[in-house]
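Right, one structure below, let's go through it.
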Amino acid sequence: MPRKQQKKYSIGDELKDRTYRFAMNIIKLAALLPNTEEGRLVRRQLCKSGTSVGANLEEADGSLTLNDFVHKVDIAFKEAKETRYWLRMIIDRRLLTKNTVSPHHEESVELIKILSTIIFRCLK
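In case it helps, our numbering puts the sequence shown at residues 4 to 127.
Here is the structure:
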């Protein structure tokens, strides 16, 4: 007798693709940072948080429980906020020009809004 299929919680392909592109763009941006102690520190932190957003959404995709789904989306949300922090740091420390960083900063803000909406709707 077949087992009862459990409901799986899913992240749409559009958001997964968007966070993948975000990660790729963050890696490209990080490569532009100066090869100084400060630049290397920021590069490492930016790459870790910027790539973690999409990685955690991939983990959330197909979650069997709502709690697991929300937990993983919440981690992605926190990583997006950390990425926004490092992007602000790059602008404020003038490690790269504001024009270079701003599109990535704006995308991090948009992702934060999207992820917070997903979490809010799940917890309603």
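Positions of the beta carbon are idealized from the N, C-alpha and C atoms, including for glycine.
Computed from a predicted structure; not experimentally measured.
In the DSSP assignment, find the unbroken alpha helix (DSSP H) run with S55 in it and report its ends. Against the sequence shown, residue 55 aligns to sequence position 52. Element bounds for S55: 40-63.
Cutting at 6 Å between CB atoms, please list the residues of its own chain near V56, excluding the five before and the five after it. As a first step, residue 56 is located in the sequence shown; it is residue number 53 there, counting from the start. These residues qualify, in order along the chain: T22, A79, E82, A83.
Does DSSP classify S13 as helix, strand or coil? Looking up residue 13 in the sequence shown gives position 10. Here S13 sits in coil by DSSP.
From L35 to F123, what does the alpha carbon distance come to, in whole angstroms? Here residue 35 refers to the residue found at position 32 of the sequence shown. Here residue 123 refers to the residue found at position 120 of the sequence shown. So the two alpha carbons sit approximately 36 Å from each other.
Which whole-angstrom value describes the C-beta separation of L98 and V45, a residue pair presumed to lie in contact below a C-beta threshold of 8 Å? For the purposes of this step, residue 98 is taken as the residue at position 95 of the sequence shown. For the purposes of this step, residue 45 is taken as the residue at position 42 of the sequence shown. Contact holds; Cβ gap of about 6 Å.
Beta-carbon proximity of I14 to A63, cut-off 8 Å: Start at 1 with the first residue of the sequence shown, and residue 14 comes out as number 11. Start at 1 with the first residue of the sequence shown, and residue 63 comes out as number 60. Yes, the pair counts as a contact, with Cβ atoms nearer than the cut-off.
How would you call N59, buried or exposed, if buried means at least 16 neighbouring beta carbons within 10 angstroms? To locate residue 59, count along the sequence shown from 1; it is residue 56. Buried is the call here.
Taking the Cβ atom as the reference point for each residue, do I115 and R87 lie within a distance shorter than 8 Å? What you label residue 115 is simply residue 112 of the sequence shown in a count that begins at 1. What you label residue 87 is simply residue 84 of the sequence shown in a count that begins at 1. In contact: I115 and R87 (Cβ atoms closer than 8 Å).
Give me, in chain order, the residues of the same chain whose beta-carbon lies closer than 8 Å to that of F72; leave out the 5 immediate sequence neighbours on both sides. One-based indexing of the sequence shown puts residue 72 at position 69. The answer, listed in chain order, is Y12, A63, S66, C125.
Between the Cα of K51 and those of P106, D77, S105, A26, spot the shortest distance and give me the residue it belongs to. Taking the sequence shown and counting its residues from 1, the one referred to as residue 51 is at position 48. Comparing Cα-Cα distances from K51 to each of P106, D77, S105, A26, the minimum goes to A26.
Cβ-Cβ distance between N28 and H107 below 8 Å: Taking the first residue of the sequence shown as position 1, residue 28 is located at position 25. Taking the first residue of the sequence shown as position 1, residue 107 is located at position 104. Yes, they are a contact pair.
On the DSSP bridge assignment, give the partners of S66 in chain order. Within the sequence shown, numbered from 1, the residue matching residue 66 stands at position 63. According to DSSP, which records beta bridges pairwise, S66 is partnered with Y12.
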